[in-house]
Amino acid sequence: MRIVIADDAVLLREGLVRLLTECGHEVVAAVADGDALVAAVVAHRPDVSIVDVRMPPSHTDEGLRAAVEARRLVPRTPILVLSQYVEVSYADDLLATTGGGGGGGIGYLLKDRVAAIDEFLDALDRVSAGGTVLDPEVVGQLFARRRRDDPLRELTPREREVLALMAEGRSNTAIARTLVVSDGAVEKHVRNIFTKLQLPPDTEQHRRVLAVLAYLRN
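Using my numbering, the first residue of the sequence shown is number 1375, and each one after it goes up by one.
Below is the structure:
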């Protein structure tokens, strides 16, 4: 894969360059701020970009805003966001760029996940292939923030489990393996989720993204 890396932490940035190069990937640009990220994506059209949320000058959400801008200028460009903390609204904003036919892979991982190299590389592959990958810690905190008027309240506990795994970017087959159930059972749960969330008929991938967005926003 051809990869752009955007992170102002020199050690992490250079560590990612070395890791990905040793795994046979090509790092076409390694930059330290949001403007440079947007320029690199436009210039190189990478297979995936790895982006830190907090970058200069204010170290708040520059990376996230730059990622959204990059996807505006280069529609469907895959983005894997790395963050030191769980910041659900950032994941929500970036996932929203998949709506309206935008598509394209999106991921949100905590930086600690990079230490689990195989897991990190698997997430990178899934995002570059157009999948949606969310850190399990993000998913866990979403459950903790449920409100009484939760539009997902109609879902059964098993359907919530399935939706949580969908939010991590898992396929139906992978969900079935995790929950130790049949593929058919998972397909039934997914259909029930779409129905209960009143998602309009569309391609399954688009409906999965809409379901994850509904999950993130509550």
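Ideal placement from N, C-alpha and C gives every residue a C-beta, glycine not left out.
* **Contact the segment 1383 to 1398 vs the segment 1410 to 1422: 3+ CB pairs below 8 Å** => no
* Alpha carbon to alpha carbon, how far is ARG1581 from ASN1608? Give it in angstroms, no decimals. => One cannot answer for residue 1608 here, as it falls past the ends of the chain, which runs 1375 to 1592.
* Asked: Can you tell which of ALA1588, LEU1483, LEU1468, THR1506 has its C-alpha closest to the C-alpha of GLU1443?
  -> LEU1468
* Asked: Which residues does DSSP pair with ASP1426 in a beta bridge?
  -> LEU1456
* With ARG1376 as the anchor, note down where its beta strand (DSSP E) starts and where it stops. => 1376 to 1380
* **Nearest-angstrom Cβ-Cβ length linking VAL1415 and THR1471, presumed shorter than 8 Å** => No, VAL1415 and THR1471 are not in contact; Cβ-Cβ is about 13 Å, not under 8 Å.
* List the whole-angstrom C-beta distance separating VAL1422 from ALA1441, where the pair is believed to meet the contact cut-off of C-beta under 8 Å. => The Cβ separation is near 11 Å, so there is no contact.
* With a threshold of 16 other CB atoms inside 10 Å of the CB of LEU1447, please say whether the residue is buried or exposed. => exposed
* **Which listed residue (SER1457, TYR1459, GLU1533) has its alpha carbon closest to that of LYS1570** => GLU1533
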